[in-house]
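Under my numbering, the first residue of the sequence shown carries the number 571, and numbering increases by one thereafter.
First the structure, in the form of structure tokens, and then the observations on it.
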Amino acid sequence: MMLVTTVYGLVISHYGTIVVGNANRIGPYATLHTSTCISDTGRRIGKGLLLSADAKITGVKCWVIISLCAANSVVTFIA
């Protein structure tokens, strides 16, 4: 069962493996590309997320601004 919530404007531009951890909240206008992962539970990611191919997000508690994760990048902490 998938408990991920998003507001509006979610774009999944390619089919393929997209993993989003349980109970994450993604803001409006998010774009998820293939082979991406948002792990952990209960994350709140702000509007305008662009998660490029093979990018991973782990350990981020809250993003409230427009965000870009480049291809093959791993984000582990944002202050």
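Yeah, the Cβ is synthetic: ideal placement off N, Cα and C, and Gly gets one too.
Would threonine 646 and leucine 621 be called neighbours here (beta carbons separated by less than 9 Å)?
Numbered from 1 along the sequence shown, position 76 holds the residue referred to as residue 646. Numbered from 1 along the sequence shown, position 51 holds the residue referred to as residue 621. Contact: no.
Do you know how far the Cα of serine 643 is from the Cα of threonine 587?
Residue 587 sits at position 17 when you count from the first residue of the sequence shown. Residue 643 sits at position 73 when you count from the first residue of the sequence shown. Threonine 587 and serine 643: Cα-Cα distance of roughly 16 Å.
Determine the DSSP secondary structure at serine 609, reduced to helix, strand or coil.
Residue mapping note: residue 609 aligns to position 39 of the sequence shown, counting from 1. Residue state, collapsed to three classes: coil.
Just verifying my parser: in three-state terms, what is the DSSP assignment at leucine 580?
As a working note, residue 580 is residue 10 in the sequence shown. It is coil, neither helix nor strand.
Distance between alanine 625 and alanine 640 (C-alpha atoms, nearest Å):
For the purposes of this step, residue 640 is taken as residue 70 along the sequence shown, with counting starting at 1. For the purposes of this step, residue 625 is taken as residue 55 along the sequence shown, with counting starting at 1. C-alpha separation (whole angstroms): 7 Å.
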